[in-house]
DNA sequence: GGGTAATCGAGACGGTACGTCGTGTCTTTCC
DNA sequence: GGAAAGACACGACGTACCGTCTCGATTACCC
């Protein structure tokens, strides 16, 4: 991360925000979430692992939710865009990609974020906004199928996209990220048949 | 509430489970959840409010999640079974009923349960089992449509049921229980068209 | 203990005290005290080990102290009387015997009794009475030396006996029952020289 | 008591031990012991009374025994050193001083400490260490008599000191702190005669 | 010889205390 | 003046016992 050694004992660098600490905290948070899940995620644990003081964390992230969001934002860019040529293929690939992506650490982080959003209002709002953005993004799969004439113009692509991702959410939240290929295929087929003209 | 006096001091009734205590604990849990939400929900708080000892709670509910689940299923009795004669109608009614049901306190309880399941393994297991049961139950809507010949026998009714409820979950978790009639109708239509032969 | 099998499940024998239970409880208490010391000694543990109900214990022994006293009383008769011919030898033998006796389970029981006596007044009173009796008994060692002309008549044999046993108490209470031969000899010598004319 | 206001709410003073809290805890412990005795003495009760958090107590005192020991040694400062010029006088004064000292609250504290040591291994260890220290300290009475030529060099002053204090212990543990002047004199005389050349 | 009463085991009950963990706030000291 | 370190008051965690209670069964005793 930093090019300097993740050195034993990091001291204050004086009256300025220390980017090393900032980075170390985010990394520690991510590591804890992916290793122990939301259960082991506490400010104390993050501070311990990042060799940072708790107040340093509280100074920059007013709540656990903000920290979670920052951690997730750092991760969310690595998703692939499916493009198989057919709607059903795209839907299936989308789900499989997302599930595979989540099966690494990001899944744990996102689960935690959802959980936190049930308690913390700010986290809820942030999650809602993030969702809208993603749904809109995924809706392009369907819009592309519309453009190909595969899907009728009357189809609500946002609702479809929302439904698609909701299935992934449920699998994530109930710990069924793996071994769901058959069900994913069934769901993708069902949804595709529901939309093609 | 029991219709008898909510008496001051409740004693043991001997070497048998005391239904009064059992009831008082569930009521206290429900009251705390609806008044203060998941944030204020702790075993200590429930015990305090129910005038029960903590061990009495732990004796009967191995984890917070089991208690949440019991509180939830006690409320669940008031759910209606849709029967509109068509699959699309049934799916739409199912979602609308569920969202309306959740809009009261049960939604908060179930949100708490999902959140808890992200933290605690026992909670996760309990939720998973509960889900399987509900998915199986809801699949009957689709199986009924199969019996009517509306839906082909090759359709995976469990996957469909899972998908259907996942949409409701996402709306619950992102705080969109109300004003979703148009989207619900779109989703129900899409899914129904995806399944009818 | 009983000539019948210490059978798996012991039931009531009707409207009369069941001596089997009584015995089993005392044995369980003794076993726990000698195996785990006062720390592990609880009514629950005794009941569990004796396969008895807690109320059965409370019925017959109103407090832990009473039970402790009964257990100790069952043990205390196995002490040897030293008779070496000299006061110093008798004092030394008395201490060594007592320490050896206590090194088995009785020591743990007596320690517990002393501890309990610091909390429970009835136990304190009982302990005091027991002490007076023992001190009087041990004083005979000194009186015998007086009779032999070894010790002057002006010596207070009760005070001497009290002092002697107090040393054993302190060793018991500070966990120094073993490996004290040199110190015991020094103490016996000192006391003997303090008394002989 | 601090001479400043026994203020309502005490805050942290930073990353250093807060002597106010420390003091408040010792005072609360002492007050509880003298008011309710060992029976009412619990870490919870001390924390409650001192308006301190339980972890603050556990941070500084690894066990109840260490706290008891600290309370006791805080009181112990008021003990006098006997110096009568003769060994017998010193021994007698030592015992009388100690019994008089114990007749106030310190006696209750030390009794509690001994009782606790029978339950808890850490307490036992702490008591043992404390004893060694005190025995060594008291042995100086005898060593002084050696220096005066009153006592032979072959006398084991540690064993003598141990024996001396053991008598006081027994009187404390059997509730005979008062009215023992005659017996104390007899014991002191006996021990002194046992040691002088 | 049938009813009563005492006893047994079992174990649930409302409690209290245990010792640990995490919270968010605060202060000191170092840079 | 930010950062580290970590103490602080607070309060929940899940467990162990406390002493009391009720249960259903099992006789012994007395009328």
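Protein chains in written order, with the working numbering: chain G, 1 to 197; chain C, 1001 to 1197; chain A, 2001 to 2197; chain W, 3001 to 3197. Where is the CB? At the ideal position from N, CA and C, for every residue including glycine.
| Asked | Found |
| --- | --- |
| Closest by C-alpha distance to residue 23 of chain G, when choosing among G:70, G:110, G:37 | G:70 |
| Backbone CA spacing between residue 1169 of chain C and residue 129 of chain G [nearest angstrom] | 17 Å |
| Where residue 2191 of chain A meets chain W, residues with beta-carbon distance less than 9 Å | 3163, 3190, 3191, 3194 |
| Residues near residue 3052 of chain W by beta carbon distance below 6 Å, same chain, minus five either side | 3021, 3025 |
| CB contact below 7 Å: residue 1170 of chain C versus chain G | yes |
| Beta-bridge partners of residue 196 of chain G, as assigned by DSSP | G:151 |
| Same chain only: Cβ atoms within 7 Å of residue 66 of chain G, ignoring 5 sequence neighbours per side | none |
| Cβ pair residue 3172 of chain W, residue 3107 of chain W closer than 7 Å | yes |
| First through last residue of the alpha helix (DSSP H) which encompasses residue 1118 of chain C | 1105-1119 |
| As assigned by DSSP and simplified to three states, the class of residue 2063 of chain A | coil |
| C-beta neighbour in chain A for residue 3156 of chain W, strict 7 Å | yes |
| Within chain W, partners of residue 2175 of chain A - CB distance below 7 Å | 3124, 3128 |
| Residue burial classification, residue 1146 of chain C (beta-carbon count within 10 angstroms, cutoff 16) | buried |
| Inter-residue CB distance, residue 1142 of chain C and residue 1160 of chain C (contact presumed, cutoff 8 Å) | 5 Å |
| Residue 3162 of chain W, enclosing alpha helix (DSSP H) - first and last residue | 3157-3173 |
| Test item: CB-CB of residue 1139 of chain C and residue 1127 of chain C under 7 Å | no |
| At least three beta-carbon pairs within less than 8 Å, the stretch 3098-3114 of chain W to the stretch 3054-3063 of chain W | no |
| Proximal residues of chain G, C-beta to C-beta of residue 1160 of chain C below 7 Å | 190 |
| Between the CA atoms of residue 163 of chain G and residue 155 of chain G - distance to the nearest angstrom | 13 Å |
| Buried or exposed by the 16-neighbour rule on C-beta atoms within 10 Å, applied to residue 3151 of chain W | buried |
| 7 Å Cβ cutoff met for residue 68 of chain G and residue 113 of chain G | yes |
| Within chain G, the residues that residue 1111 of chain C reaches when beta carbons sit closer than 8 Å | 118 |
| Short CB-CB distance (under 7 Å) between residue 71 of chain G and chain C | no |
| Minimum C-alpha distance to residue 121 of chain G - residue among C:1027, C:1093, C:1174, C:1195 | C:1174 |
| Through-space distance from residue 1083 of chain C to residue 1090 of chain C, alpha-carbon basis | 6 Å |
| Residue from A:2182, A:2176, A:2115 whose Cα sits closest to the Cα of residue 2038 of chain A | A:2115 |
| Residue 1024 of chain C - containing alpha helix (DSSP H), residue span | 1019-1036 |
| DSSP three-state assignment for residue 181 of chain G, whether helix, strand or coil | helix |
| Segment limits, alpha helix (DSSP H) that includes residue 2044 of chain A | 2043-2050 |
| Residue 2135 of chain A and residue 2158 of chain A closer than 7 Å at C-beta | yes |
| Where residue 1186 of chain C meets chain G, residues with beta-carbon distance less than 7 Å | 156, 159 |
| Cutoff 7 Å: residue 1183 of chain C Cβ touching any chain G Cβ | yes |
| Closer than 7 Å at the beta carbon, the chain W residues around residue 2039 of chain A | 3119, 3120 |
| Three-state secondary structure (DSSP) of residue 3125 of chain W | helix |
| Interface partners of residue 2166 of chain A on chain W, CB under 7 Å | 3166, 3167, 3169, 3170 |
| Contact with chain W by residue 2004 of chain A, beta-carbon distance below 7 Å | Only weak support exists for where residue 2004 of chain A lies, its pLDDT of 34 falling under 50; the value from the coordinates is given anyway. Judged by the 7 Å Cβ criterion, residue 2004 of chain A is not in contact with chain W. |
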